[in-house]
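The structure under discussion appears below in the form of structure tokens.
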Amino acid sequence: MTTQIDPLELAQALIAAPSVTPAMGAVFDVLEAALTPLGFTVERFIDGIEP
78 MTTQIDPLEL AQALIAAPSV TPAMGAVFDV LEAALTPLGF TVERFIDGIE P
């Protein structure tokens with residue numbers, strides 16, 4: 078059984094996430110929560126720190 082993302086639900090969560098710029102904010106938390114169950118590995122890049 079595969080997990081699927083409801084595109085409307087994901088869009089609503091992304092729009093509702095507080096974020097002034099994409100560099101910081103809850104947007105990445107929303108994306109990570111949506112993609113991790115699908116088997117994606119999320120590695121966050123922080124400016125100035127080697128990944």
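Take the position in the sequence shown, starting the count at 1, then add 77; the result is the number in this note's numbering. From the three backbone atoms N, C-alpha and C, an ideal C-beta is built for every residue, glycine too. The structure displayed is predicted, hence computed values, not measured ones.
I92 sits away from A111, with the two beta carbons spaced by 7 Å or more. Annotation: E120 is outside any alpha helix (DSSP H) and is labelled neither H nor E by DSSP.
Annotated three-state conformation of D83 is coil, per DSSP. Boundaries of the alpha helix (DSSP H) harbouring V104: 104-112, taken from the DSSP string.
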